[in-house]
Amino acid sequence: MSRSERPRILITEPLAPRPLEWLEARAEVIRCPGAEADFANHLREADALIVRTYTAVDVSLLDRAPRLRIIGRAGVGLDHFDLEACRSRRIPVVYTPDANTQAVVEYVLTLLLDHLRPHPSLVEPVDHATWQSLRAEHVGRFELRERTLGVLGCGRIGSRVAEVARAIGMKVRYNDLKPMPEPERLGAIFTSVETLFAESDILTVHIDGRAANRGFVGDALIGRMRPDVILINTSRGMVLDHAALASFLTRHPDATALLDVHEPEPIVPENPLLNCPNAKLFPHLASRTDTALENMSWVVRDVMAGLNGEPLQYEAG
18 MSRSERPRIL ITEPLAPRPL EWLEARAEVI RCPGAEADFA NHLREADALI
68 VRTYTAVDVS LLDRAPRLRI IGRAGVGLDH FDLEACRSRR IPVVYTPDAN
118 TQAVVEYVLT LLLDHLRPHP SLVEPVDHAT WQSLRAEHVG RFELRERTLG
168 VLGCGRIGSR VAEVARAIGM KVRYNDLKPM PEPERLGAIF TSVETLFAES
218 DILTVHIDGR AANRGFVGDA LIGRMRPDVI LINTSRGMVL DHAALASFLT
268 RHPDATALLD VHEPEPIVPE NPLLNCPNAK LFPHLASRTD TALENMSWVV
318 RDVMAGLNGE PLQYEAG
């Protein structure tokens, strides 16, 4: 196939090197973020589009892409897609639903353990008194097996978090749209969302970004949390009411929020959590491992399959 006969694929955010090299051997690849001036021209000529986190696939974009035959999402969440608009144009959307599960689970555990177990490193020799002082000062308040973990949303990631927590020895409670057999097998107990927020020492949020979940963790649920709760959110910033959480953290200085996702991103100066010393804000790092980034980037295989009329492995419903 000559280069002129190859399908033209527009990529708006970086892909991992190996999948990108694989794709470039089979298609004409154009890398152009949506904010660039040339984006509209490239979009008009694109046979396929590959996005990651920050490109909204909506009616406006689709109207400017008359040749588009398939769209790839190098990642998991599809809340920035208008799937109905894609279906109405018969444009399949493919994604990588299990690509970053392990990365996010490890990250949740990292945030929690870093918070609970202070561990300064030494870069020079210290005297005996300093040594003893460091050991006396940096003591964890408790062990995880003494606490109850609440998991809000028990899909791929939430279920795996529950499994890891049970292996450590934690009591695990969860809430989802319906009781799930897998968490039950792992020893996680289904409970109402109100009970989950009232009885969990540590809460980790793993619900998706569907419109109905906007502000789901709002004032009513936040107000039920324990005064020394640890709240972790690695799902979507929009599911959490930032103002309600900031108010709760101000009233309860022993509570902590560990937040990797925000609304909007990047964080804006008006975000009320910036004024809360017990809120720790991170720059959306949960899926940032080389392995997960490559796994997500292999969406290129499904994109090429779609262009070639072959069966798709992971098509969004």
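With this note's numbering applied, the sequence shown corresponds to residues 18 to 334, in that order.
Note that beta-carbon positions come from the ideal geometry of N, C-alpha and C, so glycine has one too.
TODO: For the stretch 249 to 260 and the stretch 272 to 292, state whether three or more C-beta atom pairs, one from each stretch, are separated by less than 8 Å.
DONE: yes
TODO: Taking all protein chains shown into account, decide if N117 is buried (16 or more other Cβ within 10 angstroms of its Cβ) or exposed.
DONE: buried
Open item on the list: Can you look up T165 in the DSSP assignment and give me helix, strand or coil?
Closed with: strand
Task: Buried versus exposed, by CB contacts within 10 Å (16 or more), N288 - done: buried
Open item on the list: Using a 10 Å radius around the Cβ and a threshold of 16 neighbouring Cβ atoms, would you call G175 buried or exposed?
Closed with: buried
Task: Exposed unless 16 or more other CB atoms sit within 10 angstroms - verdict on W315 - done: buried
- [ ] Taking all protein chains shown into account, decide if L194 is buried (16 or more other Cβ within 10 angstroms of its Cβ) or exposed.
- [x] exposed
TODO: Establish whether the CB of G334 and some CB of chain B are separated by less than 7 Å.
DONE: The question asks about chain B, but that chain is absent: this structure has only one protein chain.
TODO: Quick one: grab the DSSP three-state call for I28.
DONE: strand
Task: Status (buried if at least 16 other CB within 10 Å, exposed otherwise) for D258 - done: buried
Task: Three-state secondary structure (DSSP) of R48 - done: strand
Open item on the list: Starting from T127, trace the alpha helix (DSSP H) in both directions and tell me its first and last residue.
Closed with: 118 to 133
Task: Endpoints, the alpha helix (DSSP H) within which L79 is located - done: 76 to 80
TODO: Since I believe T113 is in contact with N312 (beta carbons under 8 Å), could you give me their beta-carbon distance rounded to a whole number of angstroms?
DONE: 6 Å
Open item on the list: So, for A57: in the same chain, excluding its five sequence neighbours on each side, which residues have a beta-carbon less than 7 Å away from its beta-carbon?
Closed with: R81
- [ ] In angstroms with no decimal places, state the Cα-to-Cα distance between P244 and L298.
- [x] 19 Å
Task: Option nearest P31 by Cα separation, candidates P24, V46, R25, R23 - done: V46
Task: Whole-angstrom C-beta distance between T29 and V76, which should lie under 8 Å - done: 17 Å between Cβ atoms; not a contact.
TODO: Indicate the three-state DSSP secondary structure (helix, strand or coil) for L203 in the structure shown.
DONE: coil
Task: Local Cβ density within 10 Å of A120, reported as buried at 16 or more and exposed below that - done: buried
- [ ] With DSSP as the reference, please indicate the residues paired to E332 in a beta bridge.
- [x] V111
TODO: Count the other C-beta atoms from every protein chain shown that fall within 10 angstroms of the C-beta of P24, then say buried if there are 16 or more, exposed otherwise.
DONE: buried
Open item on the list: Any heavy atom of the ligand MN inside 6 Å of the beta-carbon of I26?
Closed with: As far as ligands go, the structure on display features none, and thus does not contain the ligand MN.
Task: Backbone secondary structure at A303 - three-state DSSP - done: coil
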